[in-house]
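The letter at position 354 of the sequence shown is residue 353 when you use numbering that gives the first Met the number 0, and the numbering goes up by one with no holes.
The beta carbon of each residue, even a glycine, is placed where N, CA and C say it ideally should be.
Down below is the structure, laid out as C-alpha cells.
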Amino acid sequence: MKNKATHQYIVVSTLLFLAWFGVYFSTLEHMLTVWSNSETYKHCFFIVPISLYILYEKKHLLSRLHYEPVWLMLLPLLGVQTLYVLGDQLSIGLVTHFCAVSSFILIVWTVIGHSAFRVVLFPLFYLYFCVPFGEEFVPQLQIITADISTALLNVVNIPVYREGLYLYLPNGTFHVAEACAGIRFLIGTFSLGVLLAYLNYQTLWKRALFIFICALVPVIANGIRAFGIMVIGYLSDMKHAVGADHLVYGWFFFLFVLALLFFLGNIGAEPSPSRKNSAGSLRVNMKWLPLVSVFVLLLSSSLVLFSLSKEVKHVSQPLEQHLTQIFSTLNTQELAWGVGDDANVQPSWTGRIEGIPVSITYRTDSSDDELVSSLHRAFNEDNFSLVEGPEHRSFSDYAYRKLTIQNVSGNTRTLVVFYKLETLLDASPLRIKWNQLLAKLAGKRADGFYVVAEVSTGSTEQSVVKTLSRLTLPPNNTETGKAKYND
Numbered sequence: 000m001k002n003k004a005t006h007q008y009i010v011v012s013t014l015l016f017l018a019w020f021g022v023y024f025s026t027l028e029h030m031l032t033v034w035s036n037s038e039t040y041k042h043c044f045f046i047v048p049i050s051l052y053i054l055y056e057k058k059h060l061l062s063r064l065h066y067e068p069v070w071l072m073l074l075p076l077l078g079v080q081t082l083y084v085l086g087d088q089l090s091i092g093l094v095t096h097f098c099a100v101s102s103f104i105l106i107v108w109t110v111i112g113h114s115a116f117r118v119v120l121f122p123l124f125y126l127y128f129c130v131p132f133g134e135e136f137v138p139q140l141q142i143i144t145a146d147i148s149t150a151l152l153n154v155v156n157i158p159v160y161r162e163g164l165y166l167y168l169p170n171g172t173f174h175v176a177e178a179c180a181g182i183r184f185l186i187g188t189f190s191l192g193v194l195l196a197y198l199n200y201q202t203l204w205k206r207a208l209f210i211f212i213c214a215l216v217p218v219i220a221n222g223i224r225a226f227g228i229m230v231i232g233y234l235s236d237m238k239h240a241v242g243a244d245h246l247v248y249g250w251f252f253f254l255f256v257l258a259l260l261f262f263l264g265n266i267g268a269e270p271s272p273s274r275k276n277s278a279g280s281l282r283v284n285m286k287w288l289p290l291v292s293v294f295v296l297l298l299s300s301s302l303v304l305f306s307l308s309k310e311v312k313h314v315s316q317p318l319e320q321h322l323t324q325i326f327s328t329l330n331t332q333e334l335a336w337g338v339g340d341d342a343n344v345q346p347s348w349t350g351r352i353e354g355i356p357v358s359i360t361y362r363t364d365s366s367d368d369e370l371v372s373s374l375h376r377a378f379n380e381d382n383f384s385l386v387e388g389p390e391h392r393s394f395s396d397y398a399y400r401k402l403t404i405q406n407v408s409g410n411t412r413t414l415v416v417f418y419k420l421e422t423l424l425d426a427s428p429l430r431i432k433w434n435q436l437l438a439k440l441a442g443k444r445a446d447g448f449y450v451v452a453e454v455s456t457g458s459t460e461q462s463v464v465k466t467l468s469r470l471t472l473p474p475n476n477t478e479t480g481k482a483k484y485n486d
C-alpha cells in the first residue's frame with residue numbers, strides 16, 4: 000500500500016510540473032531569450048545548475064523525509080496566478096518572469112509539505128536569480144560612479160569639472176556611459192555572494208552581513224575602477240586607458256575584487272553541520288485535494304489567458320505613409336541626439352514633423368514588443384548626458400517628461416518624452432499600463448507609440464506636445480486586433 004501511494008505521488012507530482020511547464024512555456028522561452036540577448040544576464044544560465052547541484056548534495060537527507068501535500072500555499076498560488084494573468088495582459092516581462100519562479104516554488108511547497116520544504120528552501124529561492132532584473136538601476140549607478148570618481152579626483156588634487164555624466168580633465172574628457180555603470184558586475188557578484196553566504200555561514204546575521212558586503216563592494220569598486228582609469232589617462236596624457244586597455248584594466252580590477260570577496264567569505268566561516276548519510280525510503284502521506292487544486296489553478300489561468308488573447312494583425316502600410324496622412328510636413332532624417340545602432344529598441348521612424356525633430360517607436364505591446372519598457376532610450380547616451388530632469392509636466396489632458404541633455408561640446412537640447420495610446424497621451428508608465436489593461440479587457444486596441452521630440456528654438460514644450468498629440472494609431476483590419484508594421 001505504501002509503495003502504491005508513493006508511486007501515485009510521484010506520478011501526480013510529475014504531471015503537476017509538466018502542467019506548470021505548459022502554462023509557463025512562453026514565459027520561460029522569453030526568459031531564455033533575454034538571457035541570450037543581454038550580456039547583463041548571462042549569469043542566469045548558471046543558476047538552475049547550481050540549484051540542482053545543491054539539491055543533489057541533499058539527496059540522502061531528502062530520501063529520509065516525510066512528504067505530505069499541504070493546503071496552506073494554495074491561496075498564495077492563486078494570488079500569483081492572478082498576478083501572472085495581469086502581467087501577461089499588461090506585457091510586463093518582469094512580472095511574468097517573477098510569477099513563473101514563484102508559482103514553481105509554491106507548487107513544490109504544496110506538493111512536498113512544510114518539513115521537506117525547509118530542507119530545499121535555499122536552492123528553490125535561489126532560482127529568483129533566474130529573473131532578469133537590474134538594468135533599471137543603470138542610470139542611478141552611472142550617477143554613483145561619477146560621484147565617486149569626482150570625489151576621489153578631488154582628493155588627489157586632479158582638476159576636474161563635472162557636467163552631468165561628463166568629467167572634464169585638463170587633458171581629456173571622460174563619459175560615464177552605461178557600460179561604465181558596473182551593473183553586470185554588481186548582479187553577478189551579488190548572486191555569487193548569496194551563494195557563498197549560504198555555503199560558508201550558518202548564522203543568519205553573518206549571512207546577512209556578507210550579502211550586504213557583496214552588494215556594497217561592487218558599487219564602490221566600480222567607482223574606484225573608473226577613478227583609476229581616469230588617473231591613468233591623466234598621467235599618460237590620454238595615451239592609455241582610453242581604448243581596449245580601458246577594458247583590460249577594468250576586468251583585472253574586477254578579478255581582484257572577486258578574489259577579495261572570496262577571501263572575506265572565508266573569514267569566520269562556519270562549517271555546515273554533519274549529517275549521517277544513511278539511505279532511506281520516501282514516506283508519503285498522499286492527499287489528493289491539494290494536488291488537484293493546483294491542477295485547477297493552473298488550468299484556470301490558462302483558460303483566462305486564452306480567452307483574453309488577441310490575434311496580432313499586421314499592417315502593410317509603412318509608418319511614414321501613415322504619418323503623411325496626419326501631418327502636412329514630414330521629412331525623414333537622422334537626429335543628432337537619436338539613439339545609436341546598438342540600442343536594444345530602435346525607433347520606427349525619425350525625422351521632422353512640421354519642423355519638430357522627433358523619434359517615434361511603434362510597439363504592438365505583445366510579450367516581446369512591450370510599449371512600456373526599460374529598454375527604451377530617449378537619446379544616445381554615448382554622445383549626450385542628462386543634465387536636468389526628468390521633470391514631469393502636464394497641461395490640458397496631456398502629460399509628458401522634460402529632459403535637458405548636453406554633449407561633450409557643451410551644446411544643450413531640451414526633449415519631451417511621452418507615450419501615445421489611442422485616446423491617451425501620458426508619460427506615466429503605470430497610467431499607460433492601466434489604460435492598456437482596460438483596453439484589452441474591453442476588446443480594444445492597446446498598441447501605441449513611444450515618442451521623443453526636441454523643443455527647438457522658436458517652439459515651446461506645449462506646442463510640440465500639442466502638435467504630436469494628433470498622432471493616431473495605424474489602421475487595422477479589425478477593431479480588436481493589434482497592428483504591427485512589416486519590415
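Pairing CB atoms from the stretch 78-93 with CB atoms from the stretch 111-124, are three or more of them under 8 Å?
At 8 Å Cβ cutoff, the stretches do not touch.
For Asn221, count neighbouring C-beta atoms within 10 Å of its own C-beta (all shown protein chains included) and say buried if the count is 16 or more, exposed if not.
Counting Cβ neighbours within 10 Å, Asn221 comes out buried, since at least 16 surround it.
Would you mind giving the Cβ-Cβ distance between Lys432 and Leu470, rounded to the nearest angstrom? I have them listed as a contact below 8 Å.
Not a contact, Cβ separation roughly 19 Å.
Which residues in the same chain as Glu390 place their Cβ atom closer than 6 Å to its Cβ, once the five residues preceding and following it in sequence are excluded?
Within the same chain, Glu390 has close Cβ partners Lys401.
Can you grab the Cα-Cα spacing for the pair Met229 / Tyr165, in whole Å?
Rounded to the nearest angstrom, the two C-alpha atoms are 12 Å apart.
Jot down the residue ranges of each uninterrupted alpha helix (DSSP H) in the stretch 167-202, minimum 4 residues, whole runs only, in chain order.
Complete alpha helix (DSSP H) runs here, min 4: 182-199.
Just mark Ile9 as buried or exposed, buried being the case when its beta carbon has 16 or more other beta carbons within 10 Å.
Exposed, because fewer than 16 other Cβ atoms sit within 10 Å of the Cβ of Ile9.
Using 8 Å as the Cβ pair cut-off and three pairs as the minimum, do the stretch 203-219 and the stretch 159-175 touch?
In short, these stretches do not touch, since the Cβ pair count stays below three.
Under 8 Å, do Thr360 and Ser347 count as touching if we go by C-beta distance?
Yes, they are a contact pair.
Gly267: buried (16+ other C-beta within 10 angstroms of its C-beta) or exposed?
Gly267 should be labelled exposed.
Nearest-angstrom Cα distance between Asn170 and Asn153?
Answer to the nearest angstrom: the Cα atoms are 16 Å apart.
Where does Lys3 sit, in a helix, a strand or coil, going by DSSP?
Reduced to three states, the DSSP call for Lys3 is helix.
Check whether the Cβ atoms of Ile210 and Gly181 lie closer than 8 Å to each other.
No; because the gap between Cβ atoms is not below 8 Å, this pair is not in contact.
Terminal residues of the continuous beta strand (DSSP E) containing His391?
First-last of the beta strand (DSSP E) with His391: 383-394.
With a 10 Å radius around its C-beta and 16 neighbouring C-beta atoms as the bar for buried, classify Pro48 as buried or exposed.
Exposed, by the Cβ-count rule.
Flag this pair as touching only if the stretch 27-35 and the stretch 107-119 have three or more C-beta atom pairs under 8 Å; answer yes or no.
The stretch 27-35 is not in contact with the stretch 107-119.
Looking at Asp364: is its Cβ nearer than 8 Å to the Cβ of Gly447?
Their beta carbons are under 8 Å apart, which means Asp364 touches Gly447 by this criterion.
Less than 8 Å between the CB atoms is what I'm expecting for Glu421 and Arg444, so what's the real figure, rounded?
So it is a contact: roughly 6 Å between Cβ atoms.
May I ask you to report which of helix, strand or coil DSSP gives Trp348?
If DSSP states are grouped into helix, strand and coil, Trp348 belongs with the strands.
Within the chosen definition, does the stretch 90-109 reach the stretch 141-150 through at least 3 CB pairs nearer than 8 Å?
No contact exists between the stretch 90-109 and the stretch 141-150.
Can you grab the Cα-Cα spacing for the pair Tyr200 / Phe255, in whole Å?
Spanning the two alpha carbons is a distance of roughly 23 Å.
Please determine if the stretch 93-100 and the stretch 18-32 are in contact, where contact requires at least 3 C-beta pairs separated by less than 8 Å.
Touching, yes.
Any idea which residues DSSP pairs Val415 with across the strands?
In DSSP, Val415 forms a bridge with Lys401, Ala452.
Ser358: buried (16+ other C-beta within 10 angstroms of its C-beta) or exposed?
Ser358 is buried by the Cβ-count criterion.
Could you say which of Asn379, Gly92, Ser148 lies nearest to Arg224 if we only look at CA atoms?
Cα-wise, what sits closest to Arg224 is Ser148.
Can you grab the Cα-Cα spacing for the pair Ile325 / Glu353, in whole Å?
If I take the Cα positions, the gap works out to 11 Å.
Taking the straight line between their C-alpha atoms, what separation do you get for Thr413 and Ser12?
If I take the Cα positions, the gap works out to 58 Å.
Grab me the residues of Ala18's own chain with a C-beta within less than 7 Å of its C-beta, minus the 5 sequence neighbours each way, in chain order.
If we look at Ala18 and ignore the five residues flanking it on each side, its Cβ neighbours are Phe294, Leu297.
Hey, how far is the Cα of Leu198 from the Cα of Ser271?
Cα-Cα distance, rounded: 8 Å.
Beta-carbon within less than 6 Å of Leu185's beta-carbon, same chain only, minus the 5 sequence neighbours each way: which residues are those?
Closer than 6 Å at the Cβ level, and outside the excluded window around Leu185, lie Pro217.
Take Glu134 and list the residues in its own chain whose beta-carbon comes closer than 7 Å to its own, dropping the five residues that flank it on each side.
Answer for Glu134: Thr39, Ile182, Ser373, listed in chain order.
Taking Ala335 as the reference, give the member of Asp341, Gly350, Asn343, Thr328 with the closest Cα.
Of the candidates Asp341, Gly350, Asn343, Thr328, the one whose C-alpha sits nearest the C-alpha of Ala335 is Gly350.
Among Asp341, Phe132, Glu269, which one has its Cα closest to the Cα of Leu203?
Closest option to Leu203, Cα to Cα, is Glu269.
DSSP three-state call for Gly447: helix, strand or coil?
Reduced to three states, the DSSP call for Gly447 is strand.
If we require 4 or more residues per run, which alpha helix (DSSP H) segments fall completely within the stretch 61-149?
If we require 4 residues or more, the alpha helix (DSSP H) runs fully inside the stretch 61-149 come out as 73-88, 92-111, 113-124.
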